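Chains as they are written, first to last, in the UniProt record's numbering: chain R, 1 to 434; chain B, 1 to 434. Think of the CB as a built atom: it goes at the ideal place given N, C-alpha and C, for glycine as much as any other residue. Small disclaimer: the values here were computed from a predicted structure and weren't measured. All remarks here apply to the structure that follows.
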C-alpha cells in the first residue's frame, strides 16, 4: 500500500530536529519520505519519474505522527493472570499464584492469550514488543499472525527450556518471517545454574551475540547472588563472558556503581519497568545514575500479571516521576529524554535499528496522536504533553510495517477481539478449574 | 429524561455488595432504581402505578455502570500552564512560572480555561471536582454552564482574595444553582498570616462549617511553620479552632503521628494527590498510616500545571503503587480501598453525600466502563482491573445529574471543544505575549 499522510505535525525523533508541519509517505513497509510541505514539493519536482499514485491519502488535521513506542520487556501471554494475583508480596505472587498456573499452560494457550496483549499494545501506540515466555514458537506465531513486530529472548532456566532449545530458537526464529527475531537470553541468575550459564556463554561466543536476562529486579535477588558467588548478577554474568557482545538486562533496580561500570564498559542497555517495580514493590531503578554514566535506558511494561496495564504512557510518566521522587528533584529526567527511551532506545536495544526514526528508508512503524483531546490542550509543548498528560485515548492510529493495525478504536489483526476474549475465557475456565 | 440502562454489570459501591448483572433507571437527576433483572421485575410488579415510559433505553452490553469518580482537589484553569513549566524545582515552578502568569489572568480567562479541564474530567469518568482558584464566581459559572458538579473552596491568602470575600463566596455560591457549592478554606499556612487565619476561624465558628487548605505538601513548608510557630500547620490550624467542625487538607504528604491524631480526633479527610506529588518531587503521602488511623482518604489530580494529566485512573494506580513502594510491601492498600477513595470518600469529603452510591434516591452521577477493551480482558476481577489496568479509554459514558455529558468520545457541554481550544489559544497568546 502507498499512503500519503498530510497536514500532520511530524516528530521524527532524529536528534536536534524539532516537530514540524508536513507530510509522511509510506510505500510498502517503509517510510518513503518525511518532511515539510515545502520539502515535499521540492522532492516531487526533483523526482518527476517517481511520482506516486496513492492508495490512500490521509488528512491528519494537525495531529501528530511519530515512531511507535517499543515495549522493551513483556510476557504477553500472562493476560491469563491479570487481576487474579494482585496485592500480594512478590514471593507469594510468583510461587503460589504464577508458577502453578504457568505449569498448566499449553503452547496453544500461550498463542491465544498473547493476542489480548497485542490488542492492548496497539491501543497504546506500541509497535514492537521485546518478549520472553515459555513457548517461543507459539509466541512468534501469535505475533506473526497479528502482523505485530516481536523480538524474543528465551526464559531458559533450570526447570524449563534448555540451552539446546535456546540455540534452536535462535537459529529458527531469526529470519523465519518479517515480524519475528530472536536474541540470546535466560530467565535470571536465581533460576539458572552456573553450568547452564556457562553453556549459554559458549553460545554467546559462538554467535558473537548480545545476551539478556531479568537482572537485579529485587534487593533479595541481588543479595542471594552475592551470598552464592560473592558477586552481583551483573558481575557474575560478566565474569562468565555473557556480556562480551553486549546485550542488557530487564528491571535493573538494585545496581551498584561497580555494576554500572560493567554495564557502561560492555555497552549494555538498561530496560526499566517502573509500573511492575511499583506494583510489586521491587523498588525504584537508578535512572538518573544510568543517564549520568551514559548507559542507554529503554522502557518495558513487563507482563500483564505484574503491571497490570500495557500502556507506554503510564510507563513514561512513571520513569520520570519515580526518578523525581527518588532524587527529590522535580527537574530530574526531562520529558524529551523519556520519549527517546520509549522509542529510539527501545528500537535499538531490540536490534530494530530500522525502527528508530520517522525518516526515509526506515520501517513504517508509526503512530498518530490525537492533539484535539482536552489533555493535549492548549498546545504548549507537545513532547511534555506526550510524557506528562498523554494517554492511550490519544492514539488514533497504529501502523506496523506499513499496515494500519489499529485506527479509531478498530483493530485489524485478522481476528475480532471478541473471538480472542472468548477463547481466553475458555482457557481460563479450564486452567483455573472454574 | 428517563433512562433505562439494562444488560449492565452494576457496581453500586455500597459496602459488602458485589458487582451484579442488572439494570439502573434514571429519572430526572436521580437514580430511580438499581438492582438485578429479578429485582427489576419484582419492582415493576409491586409498583404497577409507577410504570415508566422511557425516553431512552440503553443496552449496556455487559459493560459496567458505577458512580462517577470525584476529583477531590484541582485548579481547573491552570490548563494555561500545562506543559509550559515542567521539569523544574518546586520553588522555581511556583515563583518564576506560575505566579507571574496568574497575575495576568482575568476572571473571564479563568472561565474559559476551566472548560478544558471539564472536558478532560468527562473523558476520565470524573463527575465532580473539588476546586480552588482565583475567581470563584467565574469558576462556578464555567461549571454551571457545562453542567458539571463543582464544590469550591477559596484560595484566600495574604496577596489575593480576603476573608470578607470568602464569606461572600460562601453565602452566595451555596444554593446559587444545582451544580455549585462552596466550603470554607484558604490557600495554605505559608501564604496566610495568623491574623487572616484567626478571622477565618471566626467564620468557621459563625457557620459551624468545615475548613480546608493545602497542608503539609512539602517538607520545607512543614519545617518553616515549625520555625514560625513551633507547630506543624495541622497543629497550628487546630490551635486556632479552624478544625472545630471538621474539614481536611490537600496533599498531606509530610505528617507526623501527632498530626494524624489531630486529624483523627477532628474527623478530617486527607485528600491525596499522588501525580502532582510525584511530578513536583514533593514526596509520598503516608496513606497506609492514614488508613490504619481510620482517617478517610480521597483522591485529587491537583491542577493541570502540576500533574499534568487529569486522570483518575492514573491517580488510583499511583495511590496504591506509591504506598507499595514506600512500605516495600506489594500487599499494601488493596484495590477495593482505592476505588472507595476515588468515589465514596471523594463524594463525602466534598459534602456530596448524595453522590456516593449507585442506589435509589442518589444523584445520577454515573459512568459506564467499557469491559470489551483488551486492558480489561480476561475478566478476572473488575475492581482490580479498574485500579491496575483501567484507563480513560475505558470510559464510554459520563452522566452528571441525569444528563449524559460525554458518550463515545462526544461531548455535550453546550460548546464544541474546538471553540474552547481556540479561545484558550487566544488567551495564551495574550498572556505569554507570543
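Counting only residues of its own chain and dropping the five nearest sequence neighbours on each side, residue 203 of chain R has a CB closer than 8 Å to the CB of 163, 166, 167, 170, 184, 209. By a beta-carbon distance limit of 8 Å, residue 298 of chain R contacts residue 70 of chain R. Their separation comes to about 7 Å. For residue 281 of chain B, the nearest CB of chain R lies under 8 Å from its own CB, placing it at the interface with that chain. The segment 79–89 of chain B makes contact with the segment 324–339 of chain R, as at least three CB pairs between them are under 8 Å. Closest by C-alpha distance to residue 340 of chain B, out of B:379, B:361, B:271, is B:271. For residue 17 of chain B, the secondary structure class from DSSP, reduced to helix, strand or coil, is coil. Taking a C-beta distance under 8 Å as the contact criterion, residue 128 of chain B and residue 149 of chain B qualify as a contact pair. Think of a sphere of 7 Å around the beta carbon of residue 421 of chain R: the chain B residues whose beta carbon falls inside it are 377, 378, in chain order. Listed in chain order, the alpha helix (DSSP H) runs fully inside the segment 306–351 of chain B are 312–327, 335–340, 346–349, counting runs of at least 4 residues. Taking 8 Å as the threshold, the shortest C-beta distance from residue 119 of chain B to chain R falls below it. Looking at the DSSP output, residue 354 of chain B sits in no beta bridge, so it has no partner there. Sequence-ordered contacts of the segment 119–151 of chain R with chain B read 119, 120, 123 [C-beta pairs closer than 7 Å]. The C-beta distance from residue 374 of chain B to residue 417 of chain R rounds to 7 Å, short enough to meet the 8 Å contact threshold. Here residue 279 of chain B is buried: its Cβ has 16 or more other Cβ atoms, across all protein chains shown, within 10 Å. For residue 236 of chain R, the uninterrupted alpha helix (DSSP H) run begins and ends at 233–239, by DSSP. Considered as a whole, the segment 25–104 of chain R harbours 30–36, 56–59, 64–67, 69–74 as its complete beta strand (DSSP E) runs of no fewer than 3 residues, in chain order. Taking 8 Å as the cut-off, the Cβ atoms of residue 83 of chain B and residue 324 of chain R do not count as close. What residue 385 of chain R touches in chain B, judged by beta-carbon distance under 8 Å, is 82, 83, 308, going in chain order. Chain B has no Cβ within less than 8 Å of the Cβ of residue 301 of chain R.
Inter-residue distance for residue 35 of chain R and residue 350 of chain R is about 27 Å (C-alpha atoms, whole angstroms). In the DSSP assignment, residue 214 of chain R forms a beta bridge with R:188, R:250. Under the Cβ criterion of 8 Å, residue 316 of chain R is not counted among the residues facing chain B. The beta-bridge partner set that DSSP reports for residue 23 of chain R consists of R:35. Between residue 77 of chain R and residue 113 of chain R, the C-beta gap is smaller than 8 Å, which places the two residues in contact. C-alpha of residue 50 of chain B to C-alpha of residue 363 of chain B: approximately 20 Å in a straight line.
In this chain, residue 281 of chain R is not harboured by any beta strand (DSSP E), its DSSP state being neither H nor E. Taking 9 Å as the upper bound on Cβ-Cβ separation, chain R lies near residues 79, 80, 81 of the segment 51–81 of chain B. By the neighbour-count criterion, in which 16 or more other beta carbons inside 10 Å mark a residue as buried, residue 47 of chain R falls on the exposed side. Where residue 106 of chain B is concerned, there is no enclosing alpha helix (DSSP H), because DSSP gives it neither an H nor an E. In summary, no residue of the segment 254–270 of chain R has a CB separated from any CB of chain B by less than 9 Å. Taking one beta carbon from each stretch, the segment 275–293 of chain B and the segment 258–266 of chain B have 3 or more pairs nearer than 8 Å; the two touch.
Per the DSSP secondary-structure output, residue 271 of chain B pairs in a beta bridge with B:250, B:298. From the beta-carbon of residue 21 of chain B, no residue of chain R is found nearer than 9 Å; the closest lies around 16 Å away. Per DSSP, residue 183 of chain R is not a residue of any alpha helix (DSSP H), being assigned neither H nor E. Between the alpha carbons of residue 20 of chain B and residue 40 of chain B lies a distance of about 13 Å. Rounded to the nearest whole angstrom, the CA to CA distance from residue 274 of chain R to residue 388 of chain B is 13 Å.
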